[in-house]
Structure formats: structure tokens, C-alpha cells
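Chemist: Below is one structure. I have some questions about it.
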Amino acid sequence: MSRDFKGSKYAETKDLDLAEIAKLVRADIKAAVKAGDLPKGTKTSVRISRYSMGQSLTATITECPGLIVANPDRVRFDLDDPHGHTTLPLLSPDATRVVGVVQDITDSYNYDSSDPASDYYNVRFYGGAGFCSEFEERSRDEIRSRFETEAEQIEAANMMARGLRSIGFEIERQETAKRIAEEKVRRAAEKKAKQTAAVQEGVRRAATAEAARAEGMGDCEPSGYEGRPRIAWIETESESPALNGRVYGSINELSDAVRAVARERIAGGRTGGYHKTWLTITWDDGETGQARYDVNARDVVGLDLSGTLLRMWSRGDSAKALEISRERVVA
4 MSRDFKGSKY AETKDLDLAE IAKLVRADIK AAVKAGDLPK GTKTSVRISR YSMGQSLTAT
64 ITECPGLIVA NPDRVRFDLD DPHGHTTLPL LSPDATRVVG VVQDITDSYN YDSSDPASDY
124 YNVRFYGGAG FCSEFEERSR DEIRSRFETE AEQIEAANMM ARGLRSIGFE IERQETAKRI
184 AEEKVRRAAE KKAKQTAAVQ EGVRRAATAE AARAEGMGDC EPSGYEGRPR IAWIETESES
244 PALNGRVYGS INELSDAVRA VARERIAGGR TGGYHKTWLT ITWDDGETGQ ARYDVNARDV
304 VGLDLSGTLL RMWSRGDSAK ALEISRERVV A
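My numbering applies: residue 4 is where the sequence shown begins, and numbers increase by one.
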């Protein structure tokens, strides 16, 4: 089926030469810009060409301020998948409208009675409207550059975020390592302090033992009369095992107290002369009778055991009488 198209201005210009048609097309484009149908500042190049069995008229848009020519969606698709297939148009919707206005102007001077089915073509001129390839490519480059910049910014932001996370992790790792190191130092210092204290205690004990031996107090574990109270005798009217047990327990406490105080005074250089001391203590539990014992203790001059003994025995027993007499035996 053949086409039967005639432009709105074909009839009145059918006898004009193609060069005259080109002039009319240029004038119509300027009028469209003035009327606002085309963006202000739009420039076109209208050229004709003659050849055997035909001629052409082409209107090329070379400048259109503010117009985004390339389709951003198509540019992004081509960036993401250079070898992919898509039906997205090359031109943006605004660019497509501008081309359509210029195409309508050129078509208004043309006619077409071609029959492609029979390979028959009959037109006034071939050609049409479009953007200058450089102009169109420049638009694609600008959009592509913007997308690439955005991608770089996103990647930089992601890298920064990853870097911040890494920095945060590193800071936490360093702080944890610092805490562990500080704990190790603290434990080492604590261990060293304990070792130093143990050494000092050993030295003190050795010095005390040496001083005790020099003063006739016996060795580190003195026994008998040397440095330890000795029971002179015990008299009890009670048959109570509990009372007797307290008596013997107090004797042992007295022995330890006298030895400890004597050694401390010796270690501190406060030796002086010696005395022989007799202590007479009487207990009375009110019901089971009395228990009494005398203790011979070799003591250091100025050592007052009365307060110590009273405090010791008041914890559980009632000391009814405490008599202390001293006899100086060594000057």
C-alpha cells in the first residue's frame, strides 16, 4: 500500500527549487524560536544535497542552550552494561520534542507517495531533522561524567565509612591492648611487692632470730624456759573439764604473747636488762570452783603484761585476781 502524504505547505511551494525550500525552513525555525516552540538560542544548520535520482534537505540542530539532549537513563544503562540491549531512547524527552518541532517544519514542505512493499520511493526530498553528532555526544559525555563523579563520591564515602569502622576497631583494639598491658603491669607490680614484702619479712625474721639468739632467747622456735613462759604449778578445785580446758588454753596464749612481745622489743633494739616474773591468776566460774596457776616468765625490762593478759582473758574467762611481781636478775 503506497503512502499518500503531503505537507501543509507543499501545494503552495511545489514549484520552488529545493534551495528556496531550505530558506523557508530556516525562516520557519526562527519563527518557532520567537514563538517559544523552540528554546531560546536554538541554532540549526539547514543543508541541501542533490544527487542522481534524488535530493535531500537536512535540518541539524547545532545549539540549544539549557537542553539536556542525551537520555540520562540510557547513558546510565550503557555505563552499567556496555554490551547490553535496551529499548531506552537515545534522546531525552525534551530533546525528542525539539527534534519533533524541527521535523514537522521540514515535513510541511515535503510529500511522500512511496510504496515500500513494491520497493517504490517517490518523495520531494529525503532527509529530516536531528541533533549535531558533536552536540549529542557532548551531552552524553557531560551526563556520563556526572554519573562517574557521583559513583566516585559514593565509593569514596563507602571507603571512608569502611575506614572509620576500621579506625574505630583499631582504636578499640589499642585500648583493649592498653588495658591488658596495664593489668599485666599492675599484676607484675603486685607480685613484685609481695615478693619484696616476703623478702623483707624473711630478713626481719632472720634478724630477730639472730638478735634473740644473741640475747639468750633461743632459736627461731624456742622451747622451755628460753623465751617461753613456763608453768610453775596449777591448783584447781574444779572437776569441770570445760574450766580446766580454758585454763590450759590461756596458758598457751600467754606463752605466745610473751614470746611475740619479747621478740618485737629485741628486734627494735629495746633490750635492756631482764627480770624474772611471777604471775598468779585465779579463775572463778561461780559454780564449779576455782582454778589457779603460777607462771614463771623471763621478760624484758619495762614490758607490762597485765593489760595484755586482762584483755586476752576477758574475752571468755573472768580473771578475779592477777598478781605480778618482778625480780631483777640481769642488769
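Where is the CB? At the ideal position from N, CA and C, for every residue including glycine.
From a predicted model like this one, the values you see are computed outputs, not experimental measurements.
According to DSSP, simplified to helix, strand and coil, what is residue 167?
Modeler: What you label residue 167 is simply residue 164 of the sequence shown in a count that begins at 1. Helix at residue 167.
Chemist: What are the complete beta strand (DSSP E) segments, minimum 3 residues, inside the region 87-175?
Modeler: Counting only runs of 3 or more, we get 129-134.
Chemist: Using the C-alpha atoms, what's the distance from residue 70 back to residue 150?
Modeler: Your numbering for residue 150 matches position 147 in the sequence shown. Your numbering for residue 70 matches position 67 in the sequence shown. Taking the straight line from one Cα to the other gives about 18 Å.
Chemist: How about residue 64 and residue 138: are their beta carbons less than 8 Å apart?
Modeler: Within the sequence shown, the letter at position 61 stands for residue 64. Within the sequence shown, the letter at position 135 stands for residue 138. In contact: residue 64 and residue 138 (Cβ atoms closer than 8 Å).
Chemist: Measuring only the C-alpha atoms, how far is residue 134 from residue 102?
Modeler: For the purposes of this step, residue 134 is identified with residue 131 of the sequence shown, where counting begins at 1. For the purposes of this step, residue 102 is identified with residue 99 of the sequence shown, where counting begins at 1. If you take the alpha carbons of residue 134 and residue 102, they lie about 7 Å apart.
Chemist: In terms of DSSP beta bridges, what is residue 198 paired with?
Modeler: Here residue 198 refers to the residue found at position 195 when the sequence shown is read from its first residue. Its beta-bridge partners do not exist; DSSP assigns none.
Chemist: With distance defined between alpha-carbon atoms, name the residue in 152, 128, 185 and 169 nearest to residue 56.
Modeler: Taking the sequence shown and counting its residues from 1, the one referred to as residue 56 is at position 53. Among 152, 128, 185 and 169, the Cα nearest to that of residue 56 is on 128.
Chemist: Going by C-alpha to C-alpha distance, which of 194, 58, 93 and 117 sits closest to residue 8?
Modeler: In the sequence shown, residue 8 corresponds to position 5, counting from 1. Checked all of 194, 58, 93 and 117; the closest Cα to residue 8 is 117.
Chemist: Taking the alpha helix (DSSP H) that residue 60 belongs to, which residues open and close that run?
Modeler: Numbered from 1 along the sequence shown, position 57 holds the residue referred to as residue 60. Note, residue 60: premise wrong, no alpha helix (DSSP H); beta strand (DSSP E) at 57-66.
Chemist: Quick check: the Cα distance between residue 52 and residue 29, rounded to an integer number of angstroms?
Modeler: For the purposes of this step, residue 52 is taken as residue 49 along the sequence shown, with counting starting at 1. For the purposes of this step, residue 29 is taken as residue 26 along the sequence shown, with counting starting at 1. So the two alpha carbons sit approximately 16 Å from each other.
Chemist: I'd like to check one pair, residue 46 with residue 66: are the Cβ atoms closer than 8 Å?
Modeler: The residue you call residue 66 lines up with position 63 of the sequence shown. The residue you call residue 46 lines up with position 43 of the sequence shown. Yes, these two residues count as a Cβ contact at 8 Å.
Chemist: Hey, quick one: how far does the beta strand (DSSP E) through residue 16 stretch, first residue to last?
Modeler: As a first step, residue 16 is located in the sequence shown; it is residue number 13 there, counting from the start. Segment 13-16 is the alpha helix (DSSP H) holding residue 16; no beta strand (DSSP E) there.
Chemist: Quick one: residues in its chain with C-beta nearer than 7 Å to the C-beta of residue 24, no 5 flanking neighbours on either side, listed in chain order?
Modeler: Taking the first residue of the sequence shown as position 1, residue 24 is located at position 21. Contacts found: 16, 60 and 112.
Chemist: Note down the Cα distance separating residue 141 from residue 10, rounded to an integer number of angstroms.
Modeler: The residue labelled residue 141 in the question sits at position 138 within the sequence shown. The residue labelled residue 10 in the question sits at position 7 within the sequence shown. The straight-line gap from Cα to Cα measures roughly 33 Å.
Chemist: So if DSSP puts residue 51 in a beta bridge, which residue, or which two residues, is it bridged to?
Modeler: The count along the sequence shown starts at 1 and reaches residue 51 at position 48. Paired residues: 60.
Chemist: Less than 8 Å between the beta carbons of residue 96 and residue 77, yes or no?
Modeler: The sequence position of residue 96 within the sequence shown is 93, counting from 1. The sequence position of residue 77 within the sequence shown is 74, counting from 1. Not closer than 8 Å, so no.
Chemist: Given that a residue counts as buried once 16 or more other Cβ atoms are within 10 Å of its Cβ, and exposed if not, what is residue 342?
Modeler: Shown here, the chain extends from 4 to 334; a query on residue 342 therefore has no answer.
Chemist: Distance, Cα to Cα, residue 49 vs residue 153?
Modeler: As a first step, residue 49 is located in the sequence shown; it is residue number 46 there, counting from the start. As a first step, residue 153 is located in the sequence shown; it is residue number 150 there, counting from the start. Between residue 49 and residue 153, the C-alpha separation is close to 38 Å.
Chemist: For residue 176 and residue 182, I'd like the C-alpha separation in whole angstroms.
Modeler: The residue you call residue 176 lines up with position 173 of the sequence shown. The residue you call residue 182 lines up with position 179 of the sequence shown. Straight-line Cα distance between these residues: approximately 10 Å.
Chemist: So, with DSSP's three-state summary, where would you put residue 23?
Modeler: As a working mapping, residue 23 is identified with position 20 in the sequence shown. Of the three classes helix, strand and coil, the one that applies to residue 23 here is helix, per DSSP.
Chemist: Under a Cβ-count criterion, where at least 16 other Cβ atoms within 10 Å of its own Cβ denotes burial, should residue 22 be classed as buried or exposed?
Modeler: Sequence index remark: in the sequence shown, residue 22 carries index 19 (1-based). By the 10 Å Cβ count, residue 22 comes out exposed.
Chemist: Under the rule that 16 or more other beta-carbon atoms within 10 Å means buried, what is residue 180, buried or exposed?
Modeler: Counting from one through the sequence shown, the residue named residue 180 turns up at place 177. Residue 180 comes out exposed.
Chemist: For residue 148, which residues from the same chain have a beta carbon less than 6 Å from its beta carbon, with the 5 sequence-adjacent residues on both sides left out?
Modeler: On the sequence shown, residue 148 is found 145 positions in, with the first residue counted as 1. Excluding residues within five positions, none has a Cβ falling inside 6 Å.
Chemist: Leaving out the 5 sequence neighbours to the left and right, which residues in its chain are closer than 6 Å to residue 34 when beta-carbon positions are compared?
Modeler: Within the sequence shown, residue 34 is the residue found at index 31, counting from 1. For residue 34, where only same-chain residues beyond five positions count, there are no Cβ hits under 6 Å.
Chemist: Flag this pair as yes or no: are the beta carbons of residue 132 and residue 106 separated by less than 8 Å?
Modeler: Here the question's residue 132 lines up with position 129 in the sequence shown. Here the question's residue 106 lines up with position 103 in the sequence shown. Result yes, Cβ atoms of residue 132 and residue 106 sit closer than 8 Å.
Chemist: Among all the DSSP beta bridges, which residues are the ones paired with residue 187?
Modeler: If you number the sequence shown from 1, residue 187 lands on position 184. None, per the DSSP bridge assignment.
Chemist: Between residue 90 and the rest of its own chain, which residues show a CB-CB distance below 7 Å, the 5 nearest in sequence each way excluded?
Modeler: Stepping through the sequence shown from its first residue, residue 90 is reached at position 87. Result list for residue 90: empty, nothing under 7 Å.
Chemist: For a test of the three-state rule: what should DSSP assign to residue 37, helix, strand or coil?
Modeler: Residue mapping note: residue 37 aligns to position 34 of the sequence shown, counting from 1. Of the three classes helix, strand and coil, the one that applies to residue 37 here is helix, per DSSP.
Chemist: When you compare the CB positions of residue 41 and residue 104, do they come within less than 8 Å of one another, or not?
Modeler: In the sequence shown, residue 41 corresponds to position 38, counting from 1. In the sequence shown, residue 104 corresponds to position 101, counting from 1. Going by C-beta atoms, residue 41 is nearer than 8 Å to residue 104.
Chemist: Could you give the DSSP three-state label for residue 9: helix, strand or coil?
Modeler: To locate residue 9, count along the sequence shown from 1; it is residue 6. Strand at residue 9.
Chemist: Could you tell me the distance, in whole angstroms, from the CA atom of residue 75 to the CA atom of residue 94?
Modeler: Here residue 75 refers to the residue found at position 72 of the sequence shown. Here residue 94 refers to the residue found at position 91 of the sequence shown. Using only the alpha carbons, I get a separation of about 9 Å.
Chemist: Mapping DSSP to helix, strand and coil, what is residue 225?
Modeler: Indexing the sequence shown from 1 puts residue 225 at position 222. Note that residue 225 scores a pLDDT of 33, beneath 50, so its modelled location is shaky; the value from the coordinates is reported in the next line. It is coil, neither helix nor strand.
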